[in-house]
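Novice: Heads up, the sequence shown is in the numbering used here, so the first residue is 78 and it goes up one at a time. The C-beta atom is built at its ideal place from N, Cα and C for all residues, glycine as well.
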Amino acid sequence: MAVERTFSIIKPDATRRNLTGKINARFEENGLRIVAQKRLWMSRQQAEQFYGVHKARPFFNDLCTFMTSGPVVVQVLEGENAVAKNREIMGATNPANAAAGTIRKDFAESIEANSVHGSDSPENAATEIAYFFAGTEIVG
Ligand code: RTP
Ligand code: MG
78 MAVERTFSII KPDATRRNLT GKINARFEEN GLRIVAQKRL WMSRQQAEQF
128 YGVHKARPFF NDLCTFMTSG PVVVQVLEGE NAVAKNREIM GATNPANAAA
178 GTIRKDFAES IEANSVHGSD SPENAATEIA YFFAGTEIVG
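1) Which of the three DSSP states, helix, strand or coil, is assigned to residue 93?
2) Assign residue 217 to one of two classes, buried (16 or more other C-beta atoms within 10 Å of its C-beta) or exposed (fewer than that).
3) In chain order, which alpha helix (DSSP H) runs of at least 4 residues are fully inside the stretch 161-185?
4) Taking the runs of the beta strand (DSSP E) that are 3 residues or longer, which of them lie wholly in the stretch 187-216?
5) Would you say the beta carbon of residue 170 is closer than 7 Å to some non-hydrogen atom of the ligand RTP?
6) Only counting the same chain, and skipping five residues up and downstream in sequence, which positions put a Cβ closer than 7 Å to that of residue 167?
7) Do the CB positions of residue 152 and residue 215 come within less than 8 Å of each other?
8) What's the C-alpha gap between residue 174 and residue 96?
9) Smallest Cα separation from residue 184: which of 206, 80 and 93?
Okay, here's the thing in structure tokens:
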């Protein structure tokens, strides 16, 4: 398996509770390297565009409000099978269904305020990485 990159967001519920370091430790302990990272406050327009695929979903408006309610940390994670591995480390979208030891089981507040985002395919990872990072900001 080749080295792969995925895009991650530490969401506002987690930055508010000062959990950035604890979440980053989960990535590093599981063999993912943080090869780019920055803290920013998403604009409404950025959130709506980033989550554009969910525009027709009933939770779209609330999700964009939540994602712009505080700072986030956007990241590029690198490692073998990084996309699938990160989804495993994160756990299920709804923390009530997340497996023991996952980030969402241990830290998420609700199905919406679920602490982290992770790309769901290598193709989406490439698009999402390019949305937030210039190539020169990623140092593998
Ligand atoms: P993510 O994209 O954030 O990594 O999470 P995911 O793939 O597990 O979940 P997805 O279906 O892509 O949904 C994106 C985010 O929308 C919020 N959500 N709220 N209220 C609800 O029923 C609901 N469902 C989803 C969550 O913040 C979810 O991560
Ligand atoms: Mg998703």
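Specialist: Walking through what the data contain:
1) Walking along the sequence shown from the start, residue 93 turns up at place 16. It is helical.
2) Counting from 1 along the sequence shown, the entry for residue 217 is found at position 140. Classification for residue 217: exposed.
3) The qualifying runs are 180-184.
4) Listed in chain order, they are 193-195.
5) For the purposes of this step, residue 170 is identified with residue 93 of the sequence shown, where counting begins at 1. Indeed, a heavy atom of the ligand RTP lies less than 7 Å from the Cβ.
6) Residue numbering aside, residue 167 sits at position 90 when the sequence shown is read from its first letter. Result list for residue 167: 179, 180, 181, 193 and 195, in chain order.
7) The count along the sequence shown starts at 1 and reaches residue 152 at position 75. The count along the sequence shown starts at 1 and reaches residue 215 at position 138. It is not a contact, given that the beta carbons lie outside the stated cut-off.
8) Position 97 of the sequence shown, counted from the first residue, corresponds to residue 174. Position 19 of the sequence shown, counted from the first residue, corresponds to residue 96. Between the alpha carbons of residue 174 and residue 96 lies a gap of roughly 21 Å.
9) The count along the sequence shown starts at 1 and reaches residue 184 at position 107. When only C-alpha atoms are compared, the closest one is 93.
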